[in-house]
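Chemist: One structure, pasted below without further comment.
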Amino acid sequence: MYFRQPRYFGDFKCIGGTCTNSCCIGWRIDWYKKEIDKITDAPECSEELRELVGKSFVKIENSDKYVVALGAGGRCPFLTEDNFCRIQRELGAEYLSDTCSIYPRHHMIASEAVYRYCNMSCPEVMSKLLNSEKSMDMVNVAIRDKVTVKGAVKNTEKALEKHPELKYRGELLEFFYEIIADKKHDVETSIILGALAAQSLSKIVTAKDYDSIPEAIKQLRPQLHNGAQLKSIDNIKPNYYVKLGALGDMLKSVFSLNIMSALTDKEGRPNIDLYINGEKRLAETFKDRQFYLRNIALNLLLEFVLPFKFTDKTIFENYSIFAAAFALFKLNVIATAELTDSAERKAANPKVEVTGYKLNIKVVVKYDTERYVNSSAAMISRNLCHNDDNAKKLLEELQNRKFITPAYLALLIK
């Protein structure tokens, strides 16, 4: 066994009290009773901490879990004034719950590898992710000592019996990662190529021809560089009305975010120029780091543990959630960044006020587009990768609109 991880993983460290978006504020935090008892049973636990523990957890009905009762401002009761964990400070990190000690790190076991990655809902992860073109390069790290991997995604005998395709989890993940990482194409084209591959692989699984998956991957690789196919993708004309209308509705349905007011004119119709200007603003902000979108897409792919986030869904359905999530990320960051200078924005819709995730943005003169990239990536990671119900809801939205085809995904992505 060995660790396989993006290059940034080895550089990541929690920055604790200096974090700009603490995971100890506003998050639901689950603990098991044995984890709570470990604190109160510790001889070195102070009476003050023991008393605080006694009033800080609420049992979840019909569950063996407890949830932390957050205080004013959504703060964890164990969070000190300088934003450090009192439990860790008094007893040590080994007394934290699995949830607290693992986040934002995650693990997936496939074949001989333990894949490691982090969630983009953590600002420090985003800092590492956008720091270098090589941040998402996959590297192997030897496992020298015996390690205990907590909360890892892995195949069980029962799951393998029901879904034999799971034994190729590692090969399929590497294949899709290879597609998205290919710098010969822009990231949007790469995601569309991935959709075509996912559709082909889904057909093989539907036909229960599971053991032909490695050979199918081998045959699909040359098709990814097929000139005619690439030309057909390149010739797809963006349909902004379909794109903005569908994605705007999805953001409103899944996240309760009505951000389309930032991209509409006085009559409430989509203003295509505003969206295009927003794309230009993104490009200008990251002109020296043009890898930023690809790095975000690659980390999303890992966070969705593709191609099997949901084992009861097809490879293509799982991939469709990932592709739509990337499209939602781009739309959200463009809309919440206000897009244009204040004069143009006021002329387009003088009453606009955009409400987004932890944002209440009014017309401003100066824009911090990178801030909105980080906020939008955090929103997608937190509300789709952490929340299975929302991810399934997004898939239902795609299915209800009959967007579960590579062609329609291409319209959302282009």
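Letter by letter, the sequence shown follows residues 539 to 952 of our numbering. Beta carbons: idealized from backbone N, C-alpha and C, even for Gly.
CB-CB under 8 Å to F595, same chain, minus the five flanking residues each way: which ones, in chain order?
Modeler: Taking the first residue of the sequence shown as 1, we reach residue 595 at position 57. Answer for F595: W569, I574, Y604, V605, V606 and A607, listed in chain order.
Chemist: When burial is assigned at 16 or more other CB atoms within 10 Å of the CB, is S728 buried or exposed?
Modeler: As a position in the sequence shown, residue 728 is number 190, starting the count at 1. Buried, by the Cβ-count rule.
Chemist: Quick one, are the C-beta atoms of V871 and L820 less than 8 Å apart?
Modeler: Within the sequence shown, residue 871 is the residue found at index 333, counting from 1. Within the sequence shown, residue 820 is the residue found at index 282, counting from 1. A contact, by the Cβ cut-off of 8 Å.
Chemist: Are there 16 or more other CB atoms within 10 angstroms of the CB of S601, so buried, or fewer, so exposed?
Modeler: For the purposes of this step, residue 601 is identified with residue 63 of the sequence shown, where counting begins at 1. Burial call: exposed.
Chemist: Quick one: any contact between the segment 747-754 and the segment 766-782, if contact means 3 or more CB pairs under 8 Å?
Modeler: no
Chemist: Helix or strand or just coil, what does DSSP make of M658?
Modeler: Reading the sequence shown from its first residue, position 120 is the one you call residue 658. Coil.
Chemist: So within the segment 588-653, which uninterrupted beta strand (DSSP E) runs reach at least 3 residues, ignoring any that extend past its ends?
Modeler: 595-597, 603-606 and 643-648
Chemist: DSSP state of P845, grouped into three classes?
Modeler: Stepping through the sequence shown from its first residue, residue 845 is reached at position 307. In this structure, P845 counts as coil in the three-state DSSP scheme.
Chemist: To the nearest angstrom, how far is the alpha carbon of E822 from that of E650?
Modeler: In the sequence shown, the residue the question calls residue 822 occupies position 284. In the sequence shown, the residue the question calls residue 650 occupies position 112. E822 and E650 have their C-alpha atoms spaced approximately 42 Å apart.
Chemist: Just the C-alpha distance for L836 and E586, rounded to the nearest angstrom, thanks.
Modeler: Working through the sequence shown from its first residue, we reach residue 836 at position 298. Working through the sequence shown from its first residue, we reach residue 586 at position 48. Approximately 45 Å between the Cα atoms of the pair.
Chemist: So, at 6 Å on beta carbons, what are the nonlocal neighbours of A735 in its own chain, with the 5 sequence-adjacent residues on each side left out?
Modeler: Taking the sequence shown and counting its residues from 1, the one referred to as residue 735 is at position 197. L758, listed in sequence order.
Chemist: How many Å lie between V792 and K741 at the Cα?
Modeler: Here residue 792 refers to the residue found at position 254 when the sequence shown is read from its first residue. Here residue 741 refers to the residue found at position 203 when the sequence shown is read from its first residue. Each residue's alpha carbon lies about 29 Å from the other.
Chemist: Measuring CA to CA, which of K572, E712, Y778 and N928 is closest to L812?
Modeler: On the sequence shown, residue 812 is found 274 positions in, with the first residue counted as 1. Ranked by Cα distance from L812, the options K572, E712, Y778 and N928 are led by Y778.
Chemist: What's the C-alpha gap between N938 and S738?
Modeler: By 1-based counting over the sequence shown, the position of residue 938 is 400. By 1-based counting over the sequence shown, the position of residue 738 is 200. If I take the Cα positions, the gap works out to 22 Å.
Chemist: Determine whether the beta carbon atoms of Y830 and N678 lie at a separation below 8 Å.
Modeler: Within the sequence shown, the letter at position 292 stands for residue 830. Within the sequence shown, the letter at position 140 stands for residue 678. Cβ atoms of Y830 and N678: not closer than 8 Å.
Chemist: State the beta-bridge partners of A875 as determined by DSSP.
Modeler: Reading the sequence shown from its first residue, position 337 is the one you call residue 875. A875 is not bridged to any residue.
Chemist: In whole angstroms, what is the alpha-carbon distance linking L795 and C562?
Modeler: As a first step, residue 795 is located in the sequence shown; it is residue number 257 there, counting from the start. As a first step, residue 562 is located in the sequence shown; it is residue number 24 there, counting from the start. Looking at the two C-alpha atoms, the distance is approximately 24 Å.
Chemist: I'd like to know if the segment 707-718 and the segment 835-854 are in contact, where contact means that at least 3 CB-CB pairs between them fall below 8 Å.
Modeler: The answer is yes - the segment 835-854 touches the segment 707-718, with three or more Cβ pairs under 8 Å.
Chemist: Return the chain-ordered list of same chain residues with a C-beta closer than 7 Å to the C-beta of L936, the five sequence neighbours on each side being excluded.
Modeler: What you label residue 936 is simply residue 398 of the sequence shown in a count that begins at 1. Excluding residues within five positions, the ones whose Cβ falls inside 7 Å are S858, A862 and I942.
Chemist: Indicate the three-state DSSP secondary structure (helix, strand or coil) for A862 in the structure shown.
Modeler: Mapped onto the sequence shown, residue 862 falls at position 324. It is helical.
Chemist: For S914 and N657, which I take to be in contact (beta-carbon distance under 8 Å), what is that distance rounded to the nearest angstrom?
Modeler: Working through the sequence shown from its first residue, we reach residue 914 at position 376. Working through the sequence shown from its first residue, we reach residue 657 at position 119. Not a contact, Cβ separation roughly 14 Å.
Chemist: Please report the distance separating the alpha-carbon of C638 from that of T618.
Modeler: Here residue 638 is taken as the residue at index 100 of the sequence shown, counted from 1. Here residue 618 is taken as the residue at index 80 of the sequence shown, counted from 1. Going from the Cα of C638 to the Cα of T618 covers about 15 Å.
Chemist: Closest to H763 by CA distance: which of L731, M646 and H645 is it?
Modeler: Your numbering for residue 763 matches position 225 in the sequence shown. For the residues L731, M646 and H645, the minimum Cα distance to H763 belongs to L731.
Chemist: What is the rounded straight-line gap between the Cα of I810 and the Cα of D675?
Modeler: Taking the first residue of the sequence shown as position 1, residue 810 is located at position 272. Taking the first residue of the sequence shown as position 1, residue 675 is located at position 137. Cα-Cα distance, rounded: 35 Å.
Chemist: I need the straight-line Cα distance from E662 to R909, nearest angstrom please.
Modeler: In the sequence shown, the residue the question calls residue 662 occupies position 124. In the sequence shown, the residue the question calls residue 909 occupies position 371. Looking at the two C-alpha atoms, the distance is approximately 13 Å.
Chemist: Give me whichever residues DSSP pairs with W569 in a beta bridge.
Modeler: As a working mapping, residue 569 is identified with position 31 in the sequence shown. Partner(s): Y604.
Chemist: Under 8 Å, do N912 and M664 count as touching if we go by C-beta distance?
Modeler: Start at 1 with the first residue of the sequence shown, and residue 912 comes out as number 374. Start at 1 with the first residue of the sequence shown, and residue 664 comes out as number 126. Contact: yes.
Chemist: When the distance is taken between beta carbons, is M646 closer than 8 Å to A690?
Modeler: Stepping through the sequence shown from its first residue, residue 690 is reached at position 152. Stepping through the sequence shown from its first residue, residue 646 is reached at position 108. Their beta carbons are under 8 Å apart, which means A690 touches M646 by this criterion.
Chemist: Tell me whether I563 sits in a helix, a strand or coil according to DSSP, three-state version.
Modeler: On the sequence shown, residue 563 is found 25 positions in, with the first residue counted as 1. Looking at I563 - three-state DSSP - the assignment turns out to be strand.
Chemist: So what does DSSP say about F541, is it helix, strand or coil?
Modeler: Indexing the sequence shown from 1 puts residue 541 at position 3. In the displayed model, F541 falls within a strand according to three-state DSSP.
Chemist: Under a Cβ-count criterion, where at least 16 other Cβ atoms within 10 Å of its own Cβ denotes burial, should S584 be classed as buried or exposed?
Modeler: Translated into the one-based positions of the sequence shown, residue 584 becomes position 46. Exposed: under 16 other Cβ atoms inside 10 Å.
Chemist: Is T852 buried or exposed, if buried means 16 or more other CB atoms sit within 10 Å of its CB?
Modeler: Within the sequence shown, residue 852 is the residue found at index 314, counting from 1. Label assigned to T852: buried.
Chemist: So the alpha helix (DSSP H) A766 belongs to, where does it begin and stop?
Modeler: Counting from 1 along the sequence shown, the entry for residue 766 is found at position 228. Its alpha helix (DSSP H) spans residues G765 to D772.
Chemist: Go ahead and pull the three-state DSSP assignment for T727.
Modeler: The residue given as residue 727 occupies position 189 in the sequence shown. If DSSP states are grouped into helix, strand and coil, T727 belongs with the helices.
Chemist: Go through its chain and collect everything with a Cβ distance to R682's Cβ below 8 Å, but skip five positions before and after it.
Modeler: Numbered from 1 along the sequence shown, position 144 holds the residue referred to as residue 682. Excluding positions up to five away in sequence, the list is empty.
Chemist: Pick from P642, T694 and L844: whose alpha carbon is nearest that of C953?
Modeler: This structure cannot settle anything about residue 953, because the visible part of the chain is limited to 539 through 952.
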